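I have placed the structure first, in the form of structure tokens, so that the comments after it can refer back to it.
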Amino acid sequence: MLYIFDLGNVIVDIDFNRVLGVWSDLGRVPLALLQKRFSMEESFHQHERGEISDEQFAAELGQQLGLALSFEQFTAGWQAIFVGVRPEVISLMNQLRQRGERVVVLSNTNQLHCGFWPTEYPEVQQAADKIYLSQEMGMRKPEARIYQQVLDEEGFTPDQTIFFDDNADNIEGARKLGINVVHVTDASVIPDYLASRL
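My numbering puts the sequence shown at residues 4 to 201.
And the structure:
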């Protein structure tokens with residue numbers, strides 16, 4: 004079987020309020036105001052596909068939020084999203100590989116975050132056979148083509164594949180292709196799902 008794991012809130016806990024909290028402090032803009040203004044618009048999607056630079060994304064998001072931050076300040080907040088790895092998921096990924104299953108990560112991410120989490124959480128790369136990143140592939144979940152490319156490169160059919168993600172749209176995108184999906188709504192979902200399979 005091919006097991007595809009998302010990264011954020013699947014393998015590594017993330018919290019966007021931490022990002023806004025740092026920007027609120029640095030930019031002296033109330034957190035509640037930033038939370039109200041924040042939305043994932045097209046620039047987010049372009050950044051995750053690698054279509055715009057980190058600097059351009061920072062400028063566009065700063066404009067959307069009414070924040071006057073240096074790029075360094077923006078980056079300091081942007082990296083605050085990472086809370087910590089879920090060790091039980093890392094352990095299960097390693098167990099799957101020891102059993103001879105294929106384990107990969109498929110993440111909607113961006114260049115800035117990829118300069119941070121691989122060194123902060125080296126165990127993620129060590130627990131995966133391969134890591135697929137949206138900004139390197141030029142596409143993002145829930146686009147059908149990103150799932151299809153992973154299947155094609157890995158040599159598995161949808162019915163031989165299990166996909167774990169916390170985002171309902173991403174889950175639905177994979178389901179439409181016939182991939183077996185598991186919606187990760189909290190940290191107990193993956194251990195519970197795999198308990199009977201390992």
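Even glycine gets a Cβ: it sits at the ideal position worked out from N, Cα and C. Note that the coordinates shown come from a computational prediction; the quantities given were computed from them, not determined experimentally.
Nearest by alpha-carbon distance to residue i: which of the options is it?
i: Y135; options: F159, V108 and Y150; result: V108
i: A147; options: D169, G176 and E156; result: G176
i: Q38; options: L29, V22, G53 and F47; result: V22
i: I30; options: D16, V15, E45 and Q66; result: It should be pointed out that residue 30 corresponds to Gly in this sequence rather than to Ile. The residue with the shortest Cα to Cα distance from G30 is Q66.
i: I193; options: F167, I182 and K179; result: F167
i: N170; options: P161, M4 and V185; result: V185
i: F19; options: Q151, S46, W81 and L180; result: W81
Grouping DSSP H, G and I as helix and E and B as strand, with all else coil, what is residue i?
i: S42; result: coil
i: S110; result: strand
i: G11; result: strand
i: I55; result: coil
i: G80; result: helix
i: D16; result: strand
i: D168; result: strand
i: R200; result: coil
i: R21; result: helix
Starting from residue i, trace the alpha helix (DSSP H) both ways and give me its first and last residue.
i: L155; result: Here residue 155 is Asp; the residue named in the question, Leu, does not match the sequence. Its alpha helix (DSSP H) spans residues A147 to E157.
i: V187; result: Neither: V187 is in no alpha helix (DSSP H) and is coded neither H nor E.
i: V127; result: P125 to Q129
i: K179; result: A171 to K179
i: F119; result: Here F119 belongs to no alpha helix (DSSP H), and DSSP marks it neither H nor E.
i: V92; result: P90 to Q101
i: S137; result: S137 to M140
Meets three-Cβ-pair contact criterion under 8 Å: the segment 124–144 and the segment 92–109: In short, these stretches touch, since the Cβ pair count reaches three.
Three or more C-beta pairs below 8 Å linking the segment 53–61 and the segment 97–105: Verdict: no, contact absent.
Validate contact between the segment 6–18 and the segment 67–77 using beta carbons, cut 8 Å, 3 pairs: At 8 Å Cβ cutoff, the stretches do not touch.
contact_flag[the segment 28–39, the segment 116–124] where n(CB pairs < 8 Å) is 3 or more: The segment 28–39, when compared against the segment 116–124, does not touch it at the 8 Å Cβ threshold.
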